[in-house]
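For what it's worth, my numbering labels the leading residue of the sequence shown as 369, then goes sequentially.
Ideal placement from N, C-alpha and C gives every residue a C-beta, glycine not left out.
All of these numbers come straight from a predicted model, not from anything done at the bench.
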Amino acid sequence: MQRLTPSVRSSLVAEAAEATQSAIHRWSLQSLAAVNGGEIPDTLTPKQFVGKPKGYVRNHAAEVLLNDIRLRLAGQHDKVAKLLAQARDLLDDPLPVGASDSVVAGVSRRGVVKAINNPVGMNMKQWTKDLEEADLIQGESIRLLENLEVCHVDTYHLAHQLLPPGDGKNLKSRPDYLSRWSGADRAMVEAVFEQIRSRHASSVETLAEVAIGLRRCRSLRNGDGHVLQPGYFCGIDLALIDAFLKERLGVQLLCDHYVSLDKGKASGGISVDCDLWDVLDDAVTEARHLCDANLGIAPEVNVDMGLMKCFPFDEQDGILGEPVDESIDKSKVNLTLIRPWVHHALVEVLKNAMGSSVKRALRDNPGEAVHPPDVHVRIVNTEHYFSIIIIDNGAGLDKDSAVRAFRFGDSSSPRRWDRLDEQQTYAMVRAPLGSLGVGLPLSRMMLRMFGGNLILSNRFSPCSIAEEEAGNSGDLSGCVAALKVLKDDGFIEGNSPPLFSAGDSDHTLRQAHS
């Protein structure tokens, strides 16, 4: 904040307050796709608009999108500042041994059991070493949040310089470049959108590192070393993290949308009348490549329409939420969506399904040639949704994995250098989101933003192989994932979906692969 002039600082504080009062414009896919159409303002007459190059973005679209991005950035900065304050408070009030957390409706509640001696089973020297390491990790987490706050301050300043906000009563006159709107002006605005997008490219990973680090601090201070217990909470408000991530996705979408418009795509970053088969084919290809690169083999993927030839699975009616229409022509599976987001969610679930099937085959046939069972994918049509059902023959989910699946920043690698090594391998074929515990939580958030959902359940039996290994009994089972994409492109971001989803109430359907 000290990096800003008093006027910009005042504007940031005021707009952050506006953002918390839901003043941010909430888009639908339909309204975003049409933002460069509509009525042409007085500053750009129809005669001037005719004959412009294909990539011509109207000044009105630039103004609307930039204004919304600036407001969202102010809201994001406010959330980062609050997260930073919470992380600093943890230094002043560290969690004693035996303490536990729970968060109900975004409120942290602490039950404290004081201990004088070192934890049972650990000598004082090791515990002291763990406490020192916890302090270092917590200090690094705070440094990451400080850098994230500076990034948001600088980016807000950039947007503010290009398009200052009005005072609510006497709006400032439109900046000269928006009235002039020459080729150089358009290039300048496009460059700013690119800068905003690139500056925040790693903010999700940074926040995941913070959550992982603070959660590990709790583990070390509780005497559990580097073994992360599923009940450990990072100590900062999960609802605040969730709100930050949603606005982060919104800023990314608006930047991507403008850049795509500038490159000549009529509907920008929104894929109108998109062929869902084509999206699925791309995702299957990438997921098989990932599985083969990491495990040396990838199962075949059986793709079809409807449930007529599909394996039965538990909670079928609950996952879909409404009757299936088997009469639709399989060649007419088209709808409006954000293709990169649906692609990302599909790859995340498919690679987990494939990996689980391969690992089970390796476990069941040690020393033999492995022929992993097929992964089955079905596109299912219902009244309000197209659902992509993904059925694997893997190990299923135990209760621990189900709890942790969608928890942001719940990494499978306990130490930072393990995660970095996995990311380097993963980055050769895909963006390095693996091993940070962000892929599935972010996928579900992307789908839910415009009325969809990501749901997962064990199939055939509520008791999975993973639970059998823990001493429980039950039939063999895999997992069923349902990626639901809403057909209504007029759905406003942030609203409730048109139908109640059983996946939001039934604990067997809430989670996905860890």
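Here's a check: name, in chain order, each residue in its chain whose Cβ is nearer than 6 Å to the Cβ of residue i, leaving out the five neighbours to either side.
{"i": "Trp395", "result": "Glu861"}
{"i": "Val652", "result": "Val669"}
{"i": "Ala429", "result": "Val403 and Asn404"}
{"i": "Ile484", "result": "Note that Ile484 scores a pLDDT of 46, beneath 50, so its modelled location is shaky; the value from the coordinates is reported in the next line. Closer than 6 Å at Cβ, skipping near neighbours: no residue."}
{"i": "Ser873", "result": "Residue confidence is low: Ser873 scores 32 on pLDDT, short of 50, so the model does not pin down where it sits. No coordinate-derived value is stated."}
{"i": "Leu582", "result": "Ser509, Cys602 and Gly603"}
{"i": "Trp549", "result": "Asn427"}
{"i": "Asn749", "result": "Asp693 and Ile696"}
Let's test the definition: count the other Cβ atoms within 10 Å of the Cβ of residue i and tell me whether it reaches 16, buried, or not, exposed.
{"i": "Pro691", "result": "exposed"}
{"i": "Asp641", "result": "exposed"}
{"i": "Asn491", "result": "exposed"}
{"i": "Ala559", "result": "exposed"}
{"i": "Gly664", "result": "exposed"}
{"i": "Ala704", "result": "As written in the sequence, residue 704 is Thr, which differs from the Ala given in the question. Buried is the call here."}
{"i": "Leu504", "result": "exposed"}
{"i": "Gln506", "result": "buried"}
{"i": "His739", "result": "exposed"}
{"i": "Asp899", "result": "The requested residue 899 does not occur in the structure, where the chain is confined to residues 369 to 882."}
{"i": "Met556", "result": "exposed"}
{"i": "Asp697", "result": "exposed"}
{"i": "Asn404", "result": "buried"}
{"i": "Glu835", "result": "At Glu835 the pLDDT is 47, less than 50, meaning the model places this residue with poor confidence; the figure from the coordinates comes in the next sentence. It counts as buried."}
{"i": "Ala763", "result": "buried"}
{"i": "Arg746", "result": "buried"}
{"i": "Asn863", "result": "exposed"}
{"i": "Arg440", "result": "buried"}
{"i": "Asn733", "result": "exposed"}
{"i": "Gly479", "result": "In this prediction, Gly479 has a pLDDT of 48, which is less than 50 and means its spatial position is unreliable; nothing more can be read from the coordinates."}
{"i": "Arg586", "result": "buried"}
Give me the residue from the options with the minimum Cα distance to residue i.
{"i": "Leu606", "options": "Gln454, Gly858 and Leu815", "result": "Gln454"}
{"i": "Val726", "options": "Ile580, Ala391, Gly846 and Ser378", "result": "Gly846"}
{"i": "Glu514", "options": "Gly637, Cys602 and Leu452", "result": "Leu452"}
{"i": "Lys450", "options": "Glu517, Tyr545, Arg548 and Gly405", "result": "Glu517"}
{"i": "Lys855", "options": "Asn761, Val806, Ala849 and Ser755", "result": "Ser755"}
{"i": "Ser825", "options": "Ile757, Asn863, Leu810 and Arg775", "result": "Ile757"}
{"i": "Lys700", "options": "Asp646, Ser724, Leu810 and Ala849", "result": "Asp646"}
{"i": "Glu751", "options": "Asn863, Leu688 and Glu508", "result": "Leu688"}
{"i": "Asp436", "options": "Ala429, Val448, Ala401 and His393", "result": "His393"}
{"i": "Asn590", "options": "Cys659, Ala502 and Asp857", "result": "Ala502"}
{"i": "Arg584", "options": "Cys602, Ala576, Arg567 and Leu458", "result": "Cys602"}
{"i": "Val357", "options": "His568, Lys493, Leu629 and Met673", "result": "This structure leaves residue 357 out entirely; the chain is present only between 369 and 882."}
{"i": "Leu372", "options": "Cys519, Ala401, Glu577 and Gly735", "result": "Cys519"}
{"i": "Val425", "options": "Gln398, Gly551 and Leu582", "result": "Gly551"}
{"i": "Leu629", "options": "Leu380, Leu433 and Ser769", "result": "Leu433"}
{"i": "Leu400", "options": "Gln494, Gly637, Ala849 and Ala385", "result": "Gly637"}
{"i": "Glu694", "options": "Pro734, Val376 and Gly674", "result": "Gly674"}
{"i": "Tyr753", "options": "Arg542, Asp857, Arg377 and Ser375", "result": "Asp857"}
{"i": "Arg565", "options": "Leu621, Ile580 and Ile609", "result": "Leu621"}
{"i": "Gly819", "options": "Ile706, Gly805, Ala729 and Leu380", "result": "Ile706"}
{"i": "Met817", "options": "Thr388, Arg731, Leu397 and Ala849", "result": "Leu397"}
So that I know if they touch, is there some Cβ in chain B lying closer than 7 Å to that of residue i?
{"i": "Leu606", "result": "Any reference to chain B falls outside this structure, which holds one protein chain only."}
Quick check on the DSSP output: the beta strand (DSSP E) that includes residue i runs from which residue to which?
{"i": "Arg746", "result": "Val743 to Asn749"}
{"i": "Cys847", "result": "Cys847 to Leu854"}
{"i": "Leu703", "result": "Asn702 to Leu705"}
{"i": "Val669", "result": "Val669 to Met673"}
{"i": "Ile759", "result": "Tyr753 to Ile759"}
Going by DSSP, what residue range makes up the alpha helix (DSSP H) through residue i?
{"i": "Lys614", "result": "Leu606 to Asp630"}
{"i": "Thr388", "result": "Pro374 to Thr388"}
{"i": "Cys659", "result": "Leu644 to Leu663"}
{"i": "Val425", "result": "First-last for Val425: undefined, no H or E at that position."}
{"i": "Ser399", "result": "Leu397 to Ala401"}
{"i": "Ser509", "result": "Met492 to Leu530"}
{"i": "Phe818", "result": "Here Phe818 belongs to no alpha helix (DSSP H), and DSSP marks it neither H nor E."}
{"i": "Phe561", "result": "Gly551 to Arg567"}
{"i": "Leu588", "result": "Ser571 to Arg589"}
{"i": "Ser547", "result": "Asp544 to Arg548"}
Excluding five sequence neighbours on each side, which residues of the same chain lie with their C-beta closer than 7 Å to the C-beta of residue i?
{"i": "Ala655", "result": "Val715, Leu718, Lys719 and Met722"}
{"i": "Asp553", "result": "Tyr545"}
{"i": "Met813", "result": "Leu613, Lys614 and Leu617"}
{"i": "Leu512", "result": "Thr574, Glu577 and Val578"}
{"i": "Trp785", "result": "With a pLDDT of only 36 at Trp785, under the threshold of 50, the placement of this residue in the model should not be trusted; the figure read from the coordinates follows. Result list for Trp785: empty, nothing under 7 Å."}
{"i": "Glu386", "result": "Leu439"}
Quick one: residues in its chain with C-beta nearer than 8 Å to the C-beta of residue i, no 5 flanking neighbours on either side, listed in chain order?
{"i": "Asn702", "result": "Asp641, Cys642, Asp643 and Leu644"}
{"i": "Leu815", "result": "Trp709, Val710, Ala713, Asn821, Leu822, Leu851, Lys852 and Val853"}
{"i": "Glu562", "result": "Cys623 and Val627"}
{"i": "Arg438", "result": "Glu383, Tyr524, Ala527, His528, Leu531 and Pro533"}
{"i": "Ile510", "result": "Leu452, Ala455, Arg456 and Leu459"}
Is there contact here, the region 442–450 with the region 497–512, by at least three beta-carbon pairs under 8 Å? no
### Query
Using 8 Å as the Cβ pair cut-off and three pairs as the minimum, do the region 615–634 and the region 567–579 touch?
yes
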